[in-house]
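Number of protein chains: 2
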Amino acid sequence: MSEPFESKPMKVEFWFEFASTYSYPAAMRIEALAASRGVAVAWRSFLLAPIFQQQGWNNSPFNIYPVKGQYMWRDLERICDRLDIPLRRPTKFPRNGLLAARVVCSHADEPWIPDFVRGIYSVNFAEDAEISDPTVISRCLTSLGQDAAAILATAETPASKDKLKAQTAEAMERGLFGAPSFLVGGELFWGNDRLEEALDWAVRAAR
Amino acid sequence: MSEPFESKPMKVEFWFEFASTYSYPAAMRIEALAASRGVAVAWRSFLLAPIFQQQGWNNSPFNIYPVKGQYMWRDLERICDRLDIPLRRPTKFPRNGLLAARVVCSHADEPWIPDFVRGIYSVNFAEDAEISDPTVISRCLTSLGQDAAAILATAETPASKDKLKAQTAEAMERGLFGAPSFLVGGELFWGNDRLEEALDWAVRAAR
Chain A
1 MSEPFESKPM KVEFWFEFAS TYSYPAAMRI EALAASRGVA VAWRSFLLAP IFQQQGWNNS
61 PFNIYPVKGQ YMWRDLERIC DRLDIPLRRP TKFPRNGLLA ARVVCSHADE PWIPDFVRGI
121 YSVNFAEDAE ISDPTVISRC LTSLGQDAAA ILATAETPAS KDKLKAQTAE AMERGLFGAP
181 SFLVGGELFW GNDRLEEALD WAVRAAR
Chain H
208 MSEPFESKPM KVEFWFEFAS TYSYPAAMRI EALAASRGVA VAWRSFLLAP IFQQQGWNNS
268 PFNIYPVKGQ YMWRDLERIC DRLDIPLRRP TKFPRNGLLA ARVVCSHADE PWIPDFVRGI
328 YSVNFAEDAE ISDPTVISRC LTSLGQDAAA ILATAETPAS KDKLKAQTAE AMERGLFGAP
388 SFLVGGELFW GNDRLEEALD WAVRAAR
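Shown next, in the form of structure tokens:
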């Protein structure tokens, strides 16, 4: 029997950047974990570079602070081991996820987006291939039965470029400073470590 | 029946800095969690300032990057709520934990150290009082039945000062860049979020 006044969980916004290492396990996990709690997920791509630039960084902080970077790779290895997610340390880091982020931003509500996002993350962190290469992105779209040429053409329009810029500006305005981030209404959770907590928050906040 | 070749878990080194916010819940939790797994804990105080200075920071990164600081205080609030640990946001941050760190460093193997560490963290993060004040530290020691005057005198000797300097240098050499950190042999875990993982590692690594 259901509670008479039981209401639906809040939506969780999943904010990710394709270059972000800790976004990789979050992207691989979120759909199943959210579904198990009845939580809807909004997939929101954004760019970290403009946010990092505001903090005075012109590169990933994991490259600027090598001792932190060294730890991150080991930590990510342990995380992926535990979750049984394949990981091959990218020979290039960070990779440029701009085009892939535009694809997501301009097609965010399409049902193939979660598979596409996981596909691009796998290219970067499991296959060590170049996610900025349009042929790689095309192949990913085609494998999902999508019209790659049409989608890439849409992604390159001024409207699509503006949409990703606006979404990145929104991320900054709402206090995001890294990825992955999860927003449940105004409540911010940062990091793959906070995924479960964000989902639980969405369930509790509705009651 | 015990396994014929079962061996003891490895020791976990708990590296903490009294100014560090996320070290507070870790300090409050570690003893009971470690005991429940049969893991021994080495309590190792160190200073973050020299490590942050090497990264070009002359203040807490939570003050240098306010958007990150704002998030941290909210995140810490949620963590303490969930763990039922009292939190009053310090009106001064970061506070200077030098003297308290020297007390720990020069008496690290004394049985009262875990209580003393928790006491100082509570002063900073639950009572919002000044942990650099010798009378506050004395009161904490006295409440544990210790000879506060003798302990503070020892803490201020050149040998004690050198010991904390050497311990901080050791932290840097072993790749520490923040607090709390946990070392299990050469395996580094960073952050209150990694406490359980570090303890589990210590248990598994022994088998």
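In order, the protein sequence lines correspond to chains A and H.
Position one of the first sequence corresponds to residue 1 (this note's numbering), numbered consecutively onward.
Position one of the second sequence corresponds to residue 208 (this note's numbering), numbered consecutively onward.
Virtual Cβ for every residue (Gly too), placed ideally from N, Cα, C.
| Item | Value |
| --- | --- |
| Start and end residues, alpha helix (DSSP H) containing residue 116 (chain A) | 113 to 125 |
| Sequence ranges, alpha helix (DSSP H) only - wholly within the region 233 to 284 of chain H, length at least 4 | 256 to 261 and 268 to 271 |
| Chain A residues whose Cβ lies nearer than 8 Å to that of residue 382 (chain H) | 67, 70 and 71 |
| Per-residue burial, residue 214 (chain H) [other beta carbons within 10 Å of its own, 16 or more giving buried] | exposed |
| Residue 190 (chain A) - partner residues in DSSP beta bridges | A:181 |
| 8 Å Cβ cutoff, residue 397 (chain H) in contact with chain A | yes |
| Neighbour-count burial assignment, residue 192 (chain A), 16 or more Cβ in a 10 Å radius | buried |
| Limits of the unbroken alpha helix (DSSP H) element including residue 380 (chain H) | 365 to 380 |
| Beta-carbon proximity check, residue 85 (chain A) vs residue 177 (chain A), cutoff 8 Å | no |
| Touching by the beta-carbon criterion (3+ pairs, under 8 Å), the region 31 to 47 of chain A and the region 223 to 240 of chain H | no |
| Cα-Cα separation between residue 181 (chain A) and residue 392 (chain H), rounded to whole angstroms | 32 Å |
| Interface residues of the region 40 to 62 of chain A facing chain H [CB-CB below 7 Å] | 55 |
| Nearest-angstrom Cβ-Cβ length linking residue 248 (chain H) and residue 219 (chain H), presumed shorter than 8 Å | 5 Å |
| Pairwise C-alpha distance: residue 144 (chain A) and residue 124 (chain A) | 18 Å |
| Partners in chain A for residue 291 (chain H), counting only beta-carbon separations shorter than 7 Å | By Cβ distance, chain A contributes nothing, its closest Cβ being about 16 Å from residue 291 (chain H), past 7 Å. |
| Spatial neighbours of residue 220 (chain A) in its chain, beta-carbon cut-off 7 Å, leaving aside the 5 residues before and after | The displayed coordinates of chain A run from 1 to 207. Any statement about residue 220 (chain A) would go beyond what the structure contains. |
| The region 81 to 98 of chain A contacting the region 128 to 147 of chain A, beta-carbon criterion three pairs below 8 Å | yes |
| Cβ shell of residue 79 (chain A) (< 6 Å), same chain only, five flanking positions each side left out | 25 |
| C-alpha gap between residue 396 (chain H) and residue 320 (chain H), whole angstroms | 22 Å |
| Given residue 317 (chain H) as reference, the closest of H:348, H:284, H:295 and H:262 once Cα atoms are compared | H:348 |
| Distance between beta carbons of residue 253 (chain H) and residue 374 (chain H), contact taken as under 8 Å | 5 Å |
| Expected contact under 8 Å - CB spacing of residue 27 (chain A) and residue 118 (chain A) to nearest Å | 6 Å |
| Helix, strand or coil at residue 13 (chain A) according to DSSP, with G and I counted as helix | strand |
| Between the CA atoms of residue 14 (chain A) and residue 201 (chain A) - distance to the nearest angstrom | 14 Å |
| Contact set between residue 400 (chain H) and chain A, taken where Cβ atoms lie within less than 7 Å | 193 |
| Residue nearest to residue 334 (chain H) in terms of C-alpha spacing, selected from H:410, H:309, H:296 and H:357 | H:296 |
| Host alpha helix (DSSP H) of residue 350 (chain H) (start-end) | 341 to 350 |
| Nearest-angstrom Cα separation, counted from residue 413 (chain H) out to residue 208 (chain H) | Any reading at residue 208 (chain H) is ruled out, since the residue's pLDDT is 46, under 50, leaving its predicted position unreliable. |
| Member of A:116, A:122, A:196 and A:58 whose CA lies at the smallest distance from the CA of residue 147 (chain A) | A:116 |
| Whether residue 195 (chain A) touches residue 37 (chain A) by CB criterion (8 Å) | no |
| Straight-line gap, residue 150 (chain A) to residue 43 (chain A) (C-alpha atoms, nearest Å) | 21 Å |
| Close beta carbons around residue 179 (chain A), own chain, < 7 Å, minus the five adjacent residues each side | 15, 16, 17, 20, 23 and 48 |
| Rounded distance between the beta-carbons of residue 94 (chain A) and residue 60 (chain A), thought under 8 Å | 5 Å |
| Whole-angstrom distance between residue 165 (chain A) and residue 158 (chain A), CA atom to CA atom | 10 Å |
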